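A.B. asks: Can you keep this structure in mind? I'll have questions shortly.
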Amino acid sequence: MKTCIVRKGLPRIDAIPKVSGEAQYTVDLKMPGLLVGKILRSPHAHARIKSIDTSAAKALDGVLAVITAEDVPENLFAFYQWQADKHILCTDRVRYVGDEVAAVAAMDDDTAEAALDLIKVEYEALPVILDIDEAMKPGAQLIHEGKESNSTWSVDRLFGDPDKALAECDYVVEGTYVTHQLAHCCLEVSNCIAKWDKRDKLTIWTNAQAPHTQRQEVARVLGIPRRNVRIINSTMGGGFGSKLVMDMKLPIASVLSRLTGRPVRIVNTRSEEFTTAKTRYPYTLHLKTGATKDGKILVRDLTLIGDNGAYHDKGPATINFSSMMFGTLYNVPNIRFHGELVYTNKAMGTAFRGFGNPQVTFATESQIDELAEKMGMDPLELRRRNVNHPDETAACGAEVCGCAMSECMELAAKEIGWEEKRGKGAPLRGVGLANMVHTGGGGRFYGFNSAEAIIKLSDEGTVTLITSALDMGQGAHTAMAQIAAEELGVRLEDINVLSHDTELTPYDLGSWGSRATFMNGNAVLAAAEDARQSLVEAAAEMLEADPADILVEESKVWVKGSHEKHDLSEVVDHTVNEHGEPISGIGRFVDHLPEGYTIPTAFAKNIPCFSFGTQAVEVEVDPETGQVNVLRVVAAHETGTTINQTMAEGQLEGSMAQGIGFALMERLVHDDEGRIVNDRFLDYKIPNIGDVPEMKAYCVESVGTRGPFGAKGIGEPGLVPTAPAIANAIYDAIGVRLHEVPMTREQIIKALKEKRASET
Amino acid sequence: MKAFDYVRPSTLEEACAVLADPAGSAKALAGGTDVLVQMRAAGLRPSVVVSLKDVPGLNFIHADDDGGVTIGAVTPLGAVEHSAVIKERCPAVAQAAAWVGSVQVRNRATIGGNLCNAAPSADTAPILIALGAEAVITDGREERVVLLEEFFTGPGQTVLGRGELLRAVRVPPAPARSFATYLKTFRSAMDCCTVGVGLCATFEEGSAAIKDVRLALGAVAPTPMRARATEALLAGRELDETTIAAASAKAVEEAQPIDDIRASAAYREVLVEVMSRRVLTAACAWAQNGGRG
Chain W
1 MKTCIVRKGL PRIDAIPKVS GEAQYTVDLK MPGLLVGKIL RSPHAHARIK
51 SIDTSAAKAL DGVLAVITAE DVPENLFAFY QWQADKHILC TDRVRYVGDE
101 VAAVAAMDDD TAEAALDLIK VEYEALPVIL DIDEAMKPGA QLIHEGKESN
151 STWSVDRLFG DPDKALAECD YVVEGTYVTH QLAHCCLEVS NCIAKWDKRD
201 KLTIWTNAQA PHTQRQEVAR VLGIPRRNVR IINSTMGGGF GSKLVMDMKL
251 PIASVLSRLT GRPVRIVNTR SEEFTTAKTR YPYTLHLKTG ATKDGKILVR
301 DLTLIGDNGA YHDKGPATIN FSSMMFGTLY NVPNIRFHGE LVYTNKAMGT
351 AFRGFGNPQV TFATESQIDE LAEKMGMDPL ELRRRNVNHP DETAACGAEV
401 CGCAMSECME LAAKEIGWEE KRGKGAPLRG VGLANMVHTG GGGRFYGFNS
451 AEAIIKLSDE GTVTLITSAL DMGQGAHTAM AQIAAEELGV RLEDINVLSH
501 DTELTPYDLG SWGSRATFMN GNAVLAAAED ARQSLVEAAA EMLEADPADI
551 LVEESKVWVK GSHEKHDLSE VVDHTVNEHG EPISGIGRFV DHLPEGYTIP
601 TAFAKNIPCF SFGTQAVEVE VDPETGQVNV LRVVAAHETG TTINQTMAEG
651 QLEGSMAQGI GFALMERLVH DDEGRIVNDR FLDYKIPNIG DVPEMKAYCV
701 ESVGTRGPFG AKGIGEPGLV PTAPAIANAI YDAIGVRLHE VPMTREQIIK
751 ALKEKRASET
Chain P
1001 MKAFDYVRPS TLEEACAVLA DPAGSAKALA GGTDVLVQMR AAGLRPSVVV
1051 SLKDVPGLNF IHADDDGGVT IGAVTPLGAV EHSAVIKERC PAVAQAAAWV
1101 GSVQVRNRAT IGGNLCNAAP SADTAPILIA LGAEAVITDG REERVVLLEE
1151 FFTGPGQTVL GRGELLRAVR VPPAPARSFA TYLKTFRSAM DCCTVGVGLC
1201 ATFEEGSAAI KDVRLALGAV APTPMRARAT EALLAGRELD ETTIAAASAK
1251 AVEEAQPIDD IRASAAYREV LVEVMSRRVL TAACAWAQNG GRG
């Protein structure tokens, strides 16, 4: 494919404002009368609220409002309204440490903090449940009174006949795998400014990954018309899924603004961010894999318990997505999946890069190596015998179009030195690899999947692109601009991207699920095609040529065969100012639902585009301290067509680093009372520059998808197989198999000790 | 962060006077990498912050006539790390300084701050204790000198009285045929240590027999500590595998680690054994190699 702008590693269009400090985040905004809002949060993981006395706080100089549950709408909220279980401010019960109990608006930070200290809340402690097994015991303390049990939702999927298949297998391995709560660790914490104006319009400045759906959520919980809510996004400093569903600080700031008649800003402290900005769903996975002696995987059976935390959010969606990826990887003919969500007195889970897939892939791809070991087969060879192929419909219904799994796997294996190193590398060194499948284009989970974009040309030939793709740091604006520039034939620097305002942008489901490039990119492409058509017609008229002979490239327009090149601005100026015919374009992309689609039965047909990839790592283990040193990571992932080489590699590298954190370091740790004890970066470790090894990211181009120029999303895949690749490499290095992440130094020492004990 | 007064005295006397004022709760500020973090998050609420930025005579590295080194308290760790004098006379101190935080942190953080913050895990403490360093303390008028191993009294606690400042740290000259090193374990790069071990071993001429030894442990007690029983076991002994094993086991006995978020006590004991063995093994190899490498 000959391209001018797409497939080039061009610098990001937002680089200069970000590096120079010109970019405005919500904390940078200034507005007249702006107040400081702060939230009083529960110090208890589970307690009854007996009384709240706000009189002293209200009496403090500089305090403009103090609110409790009595001052806010009584509506219950959850991402899915049918699961609604959370009030804006707690009424009579708190369910995790950090639950919102009251809030204040004051002139400044110190006064707001002093006011929080003056609110007297009397609690009566209730039994605290932090563990899913305890939560599921018959007669366990109910976290939500009135419900039948703490087990709050479940799903079953069955394809083929797993029991029959298990009986036919020559080899079956079984194991339990555990993952824990993780924090997203966005550089920019959750925040908002709410301003409820005299016309009853509510404007919220925030950093939402899905401003349109959050606008609906704010209206829903406040019980006000959606038309009255507007969300304006500031520059965003990271999302990773944490900014997808509304945070309660939005309605809280809104109520404070309505009461005071002034804008109110609430910003998480870093400690609040760690303890209340929601987490990755921890899974406990009981997995069985069965294969024939020639290495064909016949069956996989998984029971997965997800720790929901204290309230509902994206739990069902996350577990459903897990089941889709579980069903699709290796096209296993017999699949049984049971997923369940259980309430505990911990912070609630939410979306997190990979959306349940890293947890499941840790189990499935670790177990492939265990199976290979049992069979006496090279794990790479076992994977070869089960790879997904292009243009195949999996037993679970997943329609795989483009698929470069084999290419990715062979490339990663070769680059890590699989043949030379596996089982025979230097002592205490090992290599491991893992495969994955992920969505490369969001999903149809809302019952529809579509996007729109608008393009207009100024009379000087510059282009305004209005898209709903949010740039949270991943580079979506640059990718959208490249797609538009390529199609229109203009220079990248001539494109200005607007995506920040729900009153401006078309309705959209948001930037998640590696969705923006595929969905919004297609809409942008359509809008550019539309505008290009008008542009070509105008040029043909001006240059007295056949439209079919008009060429546009790098903001120059000419007639085929002619050497006389015109600036694009001449053409637009001519048609606007001579004829009064401005040039614009509108584009819409509808990802049509497959025939017979219904949300409950669609399963893997929810995914419009699958993306495959492999990661291979080399590690060195210190058997005396348990320290794991990741020496190299090689990632080979399918991109369809790589829109921007540099940014795609950046996405892979960033997610590999996050995957190393998931594998070796990261976990929110609770004390017995349910308080998170590592609520700061001193003790919640994420990989930093000194921990990140040499990384090689390969963007493997492939054909067969409907993305713009054939592109697939690449935002999440790099995180998905990192942990099992590291677990497999640790096994190769020292012969111990860890079934729990993070694989800490202490766990490795313990496992080595057990191994030595069993050998003597 | 609560409102506070900020003063920038230009003499030691002035600085100590503000710190001595019984009416307030003053806090000295050097690089701010601990103080500011504690003020933001950990409930440190001084009424006055006393910046030492303009106080002369606190930021220096001096090659002493006796072969030792004196380091001013507000000398950035980055300067300690890269100092030619320190690298020549007590390279293990440069090595320990280089373990603290990131490049950016080391350009702000000072050696005095690392010591006065009195974290049991402070990276510069074990090696300075092992080298027999002294703390030079001033109240603005008079100075007193205490051994660094007696400087710490508990987590976050030192012998500094109200109105006193650490002015400098004095590292004595290294004895002939001595080997010093600092080793730490950590959860990630740029982490405070899970266990730190500082060693200074002096050997008899032409052998691996120990003449004098000081072993200091970090993050395994309320303060950085000297492992005196281990030192006693080693004194006069030929350093070999058996002795090293016995000494490492003794160090585990002496350490008093606790369970915390960074590690369990049991795991810290494993690390004390491994790290002690590794520093002693390095010392042994050095001595056997005729005091080289």
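Top line first, the protein sequences correspond to chains W and P.
Note that the first sequence covers residues 1 to 760 in the working numbering.
Note that the second sequence covers residues 1001 to 1293 in the working numbering.
Ideal placement from N, C-alpha and C gives every residue a C-beta, glycine not left out.
Owing to the predicted nature of the structure, the values given are computational and were not obtained by experimental measurement.
If we count the other Cβ atoms within 10 Å of its Cβ and call it buried at 16 or more, is W/D307 buried or exposed?
C.D. replies: The residue in question, W/D307, is buried, as its Cβ has 16 or more Cβ neighbours within 10 Å.
A.B. asks: Are the Cβ atoms of W/L488 and W/A528 separated by less than 7 Å?
C.D. replies: Yes, these two residues count as a Cβ contact at 7 Å.
A.B. asks: If you follow the beta strand (DSSP E) that W/M1 is part of, which residue opens it and which one closes it?
C.D. replies: Premise fails: W/M1 is in no beta strand (DSSP E) and is neither H nor E.
A.B. asks: What are the complete beta strand (DSSP E) segments, minimum 3 residues, inside the segment 37-65 of chain W?
C.D. replies: If we require 3 residues or more, the beta strand (DSSP E) runs fully inside the segment 37-65 of chain W come out as 47-53.
A.B. asks: Can you give the Cα-Cα distance for W/H46 and W/G661, rounded to whole angstroms?
C.D. replies: W/H46 and W/G661: Cα-Cα distance of roughly 30 Å.
A.B. asks: By the three-class DSSP mapping on this structure, what secondary structure does W/L298 have?
C.D. replies: Strand, per DSSP.
A.B. asks: I believe W/M409 touches W/R383 by the beta-carbon criterion, under 8 Å. Please report the beta-carbon distance rounded to the nearest angstrom.
C.D. replies: Right, their Cβ atoms sit about 6 Å apart.
A.B. asks: Please list the residues of the segment 667-700 of chain W that have a C-beta atom closer than 8 Å to any C-beta atom in chain P, keeping them in chain order.
C.D. replies: Against chain P - using a Cβ distance shorter than 8 Å - the residues of the segment 667-700 of chain W are V669, V677, N678, R680, L682, D683, K685, I686, P687, N688, I689, G690 and D691.
A.B. asks: Pop quiz: W/G354 and W/G309 are said to be a contact at Cβ under 8 Å. What is the actual Cβ separation, rounded to whole angstroms?
C.D. replies: Between W/G309 and W/G354 the Cβ distance is about 18 Å, and since that is not below 8 Å, they are no contact.
A.B. asks: Note down, in chain order, every chain P residue with its Cβ under 8 Å from the Cβ of W/D61.
C.D. replies: Correct list: empty, because the minimum Cβ distance to chain P is about 14 Å.
A.B. asks: In the structure shown, what three-state DSSP assignment does W/D156 receive?
C.D. replies: Strand, per DSSP.
A.B. asks: Between W/M665 and chain P, is there a C-beta pair that is closer than 7 Å?
C.D. replies: Closer than 7 Å: yes.
A.B. asks: Tell me which residues of the segment 95-113 of chain W have at least one Cβ-Cβ distance to chain P shorter than 7 Å, keeping chain order.
C.D. replies: Correct list: D110.
A.B. asks: What residues of chain P sit near W/I749, judged by a beta carbon separation below 8 Å?
C.D. replies: Those within 8 Å of W/I749 in chain P are Y1267 and V1270.
A.B. asks: Give the range of the alpha helix (DSSP H) segment to which W/N728 is assigned.
C.D. replies: Taken as a continuous stretch (DSSP letters only), the alpha helix (DSSP H) holding W/N728 covers T722 to I734.
A.B. asks: When the Cα atoms are used, what is the spatial distance from P/A1063 to P/Q1104?
C.D. replies: Rounded to whole angstroms, P/A1063 to P/Q1104 spans 26 Å at the Cα level.
A.B. asks: Between P/T1033, P/P1091 and P/R1045, which has its C-alpha nearest P/V1074's C-alpha?
C.D. replies: Out of P/T1033, P/P1091 and P/R1045, P/T1033 has the C-alpha closest to the C-alpha of P/V1074.
A.B. asks: Tell me which residues share the same chain as P/N1107 and place their Cβ nearer than 6 Å to its Cβ, disregarding the 5 neighbours each side in the sequence.
C.D. replies: The residues are P1076 and G1078.
A.B. asks: What's the C-alpha gap between P/L1215 and P/E1164?
C.D. replies: Rounded to the nearest angstrom, the two C-alpha atoms are 29 Å apart.
A.B. asks: State the beta-bridge partners of W/E740 as determined by DSSP.
C.D. replies: Looking at the DSSP assignment, W/E740 forms a beta bridge with W/V178.
A.B. asks: Return the first residue and the last residue of the alpha helix (DSSP H) that W/R532 is part of.
C.D. replies: From DSSP, the alpha helix (DSSP H) with W/R532 extends over A516 to L543.
A.B. asks: Can you tell me the Cα-Cα spacing of W/Y343 and W/R93, whole angstroms?
C.D. replies: Their backbone Cα atoms lie some 15 Å apart in a straight line.
A.B. asks: Ignoring anything shorter than 4 residues or poking outside the segment 366-418 of chain W, list the alpha helix (DSSP H) runs there in chain order.
C.D. replies: Entirely contained in the segment 366-418 of chain W, the alpha helix (DSSP H) runs reaching 4 residues are, in chain order, 379-384 and 405-416.
A.B. asks: Kindly indicate the opening and closing residues of the alpha helix (DSSP H) around W/F681.
C.D. replies: Note, W/F681: premise wrong, no alpha helix (DSSP H); not H, not E.
A.B. asks: Return the residue from the list W/I686, W/Y698 and W/V634 that minimises the CA-CA distance to W/E649.
C.D. replies: The candidate whose alpha carbon is nearest that of W/E649 is W/Y698.
A.B. asks: At a CB distance below 7 Å, what residues from the segment 254-275 of chain W approach chain P? Give them in sequence order.
C.D. replies: Residues S271.
A.B. asks: Threshold first: 4 residues or longer. Then list the alpha helix (DSSP H) segments lying entirely within the segment 588-620 of chain W, N to C.
C.D. replies: Entirely contained in the segment 588-620 of chain W, the alpha helix (DSSP H) runs reaching 4 residues are, in chain order, 599-602.
A.B. asks: Have a look at the DSSP bridge pairing and note the partners of W/G432.
C.D. replies: BP columns for W/G432 point to W/V617.
A.B. asks: Relative to chain P, which residues along the segment 706-723 of chain W have a C-beta separation below 8 Å, given in chain order?
C.D. replies: Answer set for the segment 706-723 of chain W: empty.
A.B. asks: Would a C-beta distance cut-off of 7 Å place W/A636 and W/M656 closer than the cut-off?
C.D. replies: Cβ atoms of W/A636 and W/M656: not closer than 7 Å.
A.B. asks: With 16 as the cutoff for other CB atoms within 10 Å, does W/E620 come out buried or exposed?
C.D. replies: The residue in question, W/E620, is buried, as its Cβ has 16 or more Cβ neighbours within 10 Å.
A.B. asks: At 7 Å on the CB atoms, spell out the chain W contacts of P/T1033, in chain order.
C.D. replies: Under the 7 Å cutoff, chain W gives no residues; its nearest Cβ is about 11 Å from P/T1033.
A.B. asks: Against chain W, does P/A1073 count as a neighbour if the rule is that its beta carbon must be under 7 Å from one of theirs?
C.D. replies: No, P/A1073 lies away from the interface with chain W (no Cβ there is under 7 Å from its Cβ).
A.B. asks: Just checking: is the beta-carbon of P/A1003 within a distance shorter than 7 Å of some beta-carbon in chain W?
C.D. replies: So, interface residue.
A.B. asks: Roughly how many whole angstroms lie between the Cα atoms of W/E394 and P/A1109?
C.D. replies: The amino acid occupying residue 394 of chain W in the given sequence is Ala; Glu does not appear at that position. C-alpha separation (whole angstroms): 58 Å.
A.B. asks: Hey, how far is the Cα of W/G715 from the Cα of W/V6?
C.D. replies: Going from the Cα of W/G715 to the Cα of W/V6 covers about 17 Å.
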